[in-house]
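The next block holds one structure in the form of structure tokens; read it before the comments.
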Amino acid sequence: MFDRPLVPLLLSFAGGIIVAHSLLPPSATADLFLFFAISLSLFAACILPTRLTCFALSLSFFLTGILLSRPAAESSLLALSDTHEKLTLQGVVLESPTILPGEMARVRVHVSGVIDGGHIQGISEDIRLTIYGHTPFLEAGERIRFPARVRPFKNFENPGRYDYVSAMKSKGLSCTAYVSDGRRVVPMGRGDLPFHLNVIEALRKPLRHLLEQQLNPRNGALYKALILGERQWITPDIRDLFNRTGLGHILAVSGLHIGLVALISFLFFKTVMLRAHGLTLRVDVRKMTALLTCIPVIGYTLLAGFQISSQRAMIMGLAFLGSFVLGREKEVWSTLALAGLIILF
783 MFDRPLVPLL
793 LSFAGGIIVA
803 HSLLPPSATA
813 DLFLFFAISL
823 SLFAACILPT
833 RLTCFALSLS
843 FFLTGILLSR
853 PAAESSLLAL
863 SDTHEKLTLQ
873 GVVLESPTIL
883 PGEMARVRVH
893 VSGVIDGGHI
903 QGISEDIRLT
913 IYGHTPFLEA
923 GERIRFPARV
933 RPFKNFENPG
943 RYDYVSAMKS
953 KGLSCTAYVS
963 DGRRVVPMGR
973 GDLPFHLNVI
983 EALRKPLRHL
993 LEQQLNPRNG
1003 ALYKALILGE
1013 RQWITPDIRD
1023 LFNRTGLGHI
1033 LAVSGLHIGL
1043 VALISFLFFK
1053 TVMLRAHGLT
1063 LRVDVRKMTA
1073 LLTCIPVIGY
1083 TLLAGFQISS
1093 QRAMIMGLAF
1103 LGSFVLGREK
1113 EVWSTLALAG
1123 LIILF
């Protein structure tokens, strides 16, 4: 336990997350108490004997897991929808729409305001917007205004059912909204994307346009799924072919893709550096190769849209490469615990 402190810290942090999701309702008073308790446990870790420091740190990580995973307060949009059948919203498109059968589209939108009688009420929430019919052409970063019916996410109460509500909350979505006709969605020019989304879109947009220009729609859809992680262009017949051959997971950028990028990059950098005989005498080739491999791993993850599955794979890959850089590659449990902590955080 004391030789590998990251392992108990990971278990404590994960335990705090489970407790927060299972037992505790939202409460500002509880959040203040948790913050005070975390500060007290960290202070205790600084003054207690070494053998007790790990227990104090474990307590602080347990409480931090609770604090960071507290249920969010009720959505302001849902509160407004109780008094309005339809709301006029404005916001910024956060990612390219997912095109669905039957002239439907689904898109993630950051709502910045609700328009009521000429006045704009400021709001900051991410929602899932579904558009029925006459789907407009939308791009990430585009500012739009639209009338919509706002509804909470709901689960089907079947045994063993998919927890749709928790899945949407884990993606940071507060509610869902519906527009009955895409012609009611009014484009209003470019909006402000968060910095990391601006970087991601700047990397992806030129390659997306290149694939659209150079390939036919069928091949373009396949390459956009494999390289950019954009599966919304995959038609049901292509998806069915992959599923029937047991290769459906290839269409989702995850550990397989990141692992291949890391492996090929590592072998490439190692081969190049071993040919520079003078360099091999001055630096540790394995450590330098692992450090250089981090660059394409991070770059490809951004290019693939920085989705949750690719984020997990990137973090695990970087933790493994970091163990080579630090000369701790034999500390497998500590490496896994570090990756787990970062992923959960």
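First residue of the sequence shown? That's 783 in the working numbering, and the numbers climb one at a time after it. Glycine residues also receive a C-beta, built at the ideal position from the N, C-alpha and C atoms.
*Can you give me the start and stop residues for the beta strand (DSSP E) that Arg888 sits inside?*
Here the beta strand (DSSP E) through Arg888 covers Met886 to Asp898.
*Is the beta carbon of Leu816 less than 7 Å from the beta carbon of Leu860?*
In this structure, Leu816 sits away from Leu860, with a CB-CB distance that is not shorter than 7 Å.
*Whole-angstrom Cβ separation of Leu1033 and Ile1016, contact assumed at under 8 Å?*
With 8 Å as the limit, Leu1033 and Ile1016 qualify as a contact, their Cβ atoms being about 6 Å apart.
*Rounded separation between Leu1120 and Glu1111 - CA only*: Leu1120 and Glu1111: Cα-Cα distance of roughly 13 Å.
*Between the CA atoms of Leu1103 and Ile913 - distance to the nearest angstrom*: Taking the straight line joining both Cα atoms gives about 43 Å.
*What residue does the beta strand (DSSP E) around Gln903 start on, and which one ends it?*
In the DSSP annotation of this structure, the continuous segment of the beta strand (DSSP E) that includes Gln903 starts and ends at His901 to Tyr914.
*Return the chain-ordered list of same chain residues with a C-beta closer than 6 Å to the C-beta of Met950, the five sequence neighbours on each side being excluded.*
Taken in chain order, the residues that qualify are Phe935.
*Following the continuous beta strand (DSSP E) through Gln996, name the residue where it begins and the one where it ends.*
Taken as a continuous stretch (DSSP letters only), Gln996 belongs to no beta strand (DSSP E), being part of the alpha helix (DSSP H) at Phe977 to Gln996.
*Going by DSSP, which residues form a beta bridge with Tyr960?*
Answer is Thr912 and Arg931.
_Contiguous alpha helix (DSSP H) assignments of at least 4 residues, all confined to the region 1030 to 1101_ = The region 1030 to 1101 is shown to contain whole alpha helix (DSSP H) runs of 4 or more residues at 1037 to 1057, 1059 to 1064 and 1067 to 1085, in chain order.
_Among Thr1062, His978 and His892, nearest to Arg925 - alpha-carbon criterion_ = Nearest to Arg925 by C-alpha distance, out of Thr1062, His978 and His892, is His892.
*Nearest to Val896 by alpha carbon, out of Leu849, Gln872 and Gln1089?*
Out of Leu849, Gln872 and Gln1089, Gln872 has the C-alpha closest to the C-alpha of Val896.
*So what does Gly1011 bridge to, in DSSP terms?*
For Gly1011, no pairing in a beta bridge is given by DSSP.
_Nearest candidate by alpha-carbon position, reference Val981, set Gly971, Ala1044, Pro1018 and Phe1088_ = With distances taken between Cα atoms, Val981 lies closest to Phe1088.
*Mapping DSSP to helix, strand and coil, what is Pro1018?*
Residue state, collapsed to three classes: helix.
_Counting beta carbon pairs with one atom in the region 1019 to 1031 and one in the region 1058 to 1065, are three or more of them shorter than 8 Å?_
No: the two stretches stay apart, fewer than three of their Cβ pairs being nearer than 8 Å.
*Please report how far the alpha carbon of Ala922 lies from the alpha carbon of Arg986, in whole angstroms.*
Between the C-alpha atoms of Ala922 and Arg986 there is a straight-line separation of about 11 Å.
*Buried or exposed: where does Lys1006 fall if 16 or more other Cβ atoms within 10 Å of its Cβ makes it buried?*
With at least 16 other beta carbons inside 10 angstroms of its own, Lys1006 counts as buried.
*Going along the chain, which residues of its own chain have a beta-carbon closer than 8 Å to the beta-carbon of Leu975, five neighbours each way excluded?*
The beta carbon of Leu975 lies closer than 8 Å to those of Val874, Leu876, Ala922, Gly923 and Glu983 in the same chain, with the five residues before and after it left out.
_Beta-carbon proximity of Lys868 to Arg910, cut-off 7 Å_ = Against a cut-off of 7 Å, the Cβ pair of Arg910 and Lys868 comes out as no contact.
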